[in-house]
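In our numbering, the protein residues as written are 8 to 432.
For each residue, glycine too, the CB sits at the ideal point set by N, CA and C.
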């Protein structure tokens, strides 16, 4: 195994301040902090954030767990862990003590390496900063202490949002435009490095049930299939019924399913929802089940839904939708069923009754339906628009930073905002 000393740069001396703005921000400060990065979003965001923190005189290092991390971060000011996953907890505990880490920065809190690092950081009273995609997309990213989504520190009392919103003005974020091409390139480069570095990182354990290569090939097959269908006219879509409920699926292997819900897989959620629909929905209601935009298609939800609908006697009332835009489907929906999708927030903002089957930050009285799934089909509870306004204003003020991980400009703006908030912590 490569040793920490093999690749760690001498970064003990604080870097000089890079800008007058940063100097005005930090003023008189305590001795330099040591920020340790464990995982990050695809692309340059982590290095951009580190440059802002170093400009304030602090030290930043990253743990390199695979070759993709080297693509995004480089080899400088880093430590390599190439041992087995079973030894990671003890190793990161020792590293944080030896290197006097003051702050841990992770992307998501459900990746096994992140979860273990967070646990060790708590034992050492190290500050924890968790980044994630925005609760309100596309122009926000999330920054919370301790955890996000089901592990969020946001209050569970609607009145707390009303009080917090009264102290905050509405925020209008800057927009950054589409970044699908840039993100695709960054994902490709990351996993090219991942596979190129496998001989040196044999102990790394991929947290997903399917390998990156298999997922990439499946996404490619889906994309090419859509292009071919578009060229030849494609299969006409079934007409959207006049009365329907919309189900938003999670991406297979997503932490929203495996960690923040009672389901072990997306298929289990489909089974429960369809069984409840068949037994309790009005006979003239239809069910549209929409795949997650990043669903690779390895798990054939379409086949499961077709077979289950026949066995439950609702074969003509349930449809699977793979690629239709969410906005168009939400418009006429009578209600929305989700686990913990950000699409649920969009539905609530549009005034659609929504039931969350997992640990969602918006699963609150007055926002989401509280009467259980069986009662949802005949008596869905509509959200309170005033409470949602308070909720949105408070959540943005407490946890959201304007920016976007995938966009070049968005990543720079996000790095500025995250650095400012962390340094003021």
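Which residue's Cα is closest to the Cα of residue i: the options?
i           : options            : result
residue 484 : 384, 306, 236      : Outside the shown range of the chain, which is 8 to 432, sits residue 484, and nothing can be said about it.
residue 106 : 363, 69, 73, 90    : 69
residue 351 : 312, 59, 278, 263  : 263
residue 76  : 59, 61, 96, 54     : 54
residue 163 : 301, 334, 366      : 366
residue 381 : 342, 188, 312, 176 : 342
residue 138 : 347, 129, 130, 125 : 125
residue 312 : 274, 230, 222      : 274
residue 356 : 346, 373, 364      : 373
residue 79  : 193, 402, 171      : 193
residue 127 : 94, 155, 391       : 94
residue 392 : 423, 359, 197      : 359
residue 290 : 405, 324, 160, 96  : 324
residue 326 : 159, 314, 118      : 314
residue 397 : 165, 426, 81       : 165
residue 362 : 206, 387, 318, 338 : 387
I need the DSSP call for residue i, collapsed to helix, strand or coil.
i           : result
residue 297 : strand
residue 31  : Reliability of the predicted coordinates at residue 31 is poor, the pLDDT of 49 falling under 50, and the value obtained from them is presented with this limitation in mind. Of the three classes helix, strand and coil, the one that applies to residue 31 here is helix, per DSSP.
residue 231 : helix
residue 459 : Residue 459 falls outside the range modelled here, since the chain spans only 8 to 432, and no answer is possible.
residue 342 : strand
residue 164 : coil
residue 267 : coil
residue 205 : helix
residue 337 : helix
residue 66  : strand
residue 223 : helix
residue 400 : helix
residue 179 : coil
What is the residue span of the beta strand (DSSP E) that residue i lies within?
i           : result
residue 407 : 407–409
residue 251 : 251–255
residue 41  : 41–45
residue 114 : 110–114
residue 137 : 134–140
residue 174 : Run containing residue 174: none; DSSP gives neither H nor E here.
residue 86  : 85–87
residue 366 : Unbroken run through residue 366: none, as it is neither H nor E.
Along the chain, where does the alpha helix (DSSP H) that runs through residue i open and close?
i           : result
residue 421 : 415–430
residue 102 : 95–105
residue 80  : 74–80
residue 56  : 52–62
residue 352 : 349–356
residue 119 : 119–130
residue 388 : Premise fails: residue 388 is in no alpha helix (DSSP H) and is neither H nor E.
residue 317 : 308–319
residue 379 : Here residue 379 belongs to no alpha helix (DSSP H), and DSSP marks it neither H nor E.
Given residue i, which residues of its chain have a CB within under 6 Å of its CB, disregarding the five upstream and five downstream residues?
i           : result
residue 417 : 183, 410, 411
residue 413 : 186, 189, 190
residue 217 : 305
residue 252 : 294, 341, 342
residue 215 : 260
residue 46  : 113, 114, 118, 121
residue 270 : 264, 276
residue 401 : 168, 171, 172
residue 403 : 178
Bridge partners of residue i, per DSSP?
i           : result
residue 326 : 295
residue 147 : 409
residue 152 : 136
residue 158 : Partner(s): none; residue 158 has no beta bridge.
residue 192 : Answer by DSSP bridge pairing: none, since residue 192 is not bridged.
residue 71  : 87
Grab me the residues of residue i's own chain with a C-beta within less than 7 Å of its C-beta, minus the 5 sequence neighbours each way, in chain order.
i           : result
residue 33  : Reliability fails at residue 33, whose pLDDT of 47 lies under 50, so the model's placement of it is uncertain and the value that follows must be treated cautiously. For residue 33, where only same-chain residues beyond five positions count, the Cβ hits under 7 Å are 63, 430.
residue 141 : 147, 148, 149, 407
With a CB to CB cut of under 8 Å and the five nearest residues on each side skipped, what residues in its chain are close to residue i?
i           : result
residue 321 : 281, 284, 285, 294
residue 422 : 52, 55, 56, 58, 59, 410
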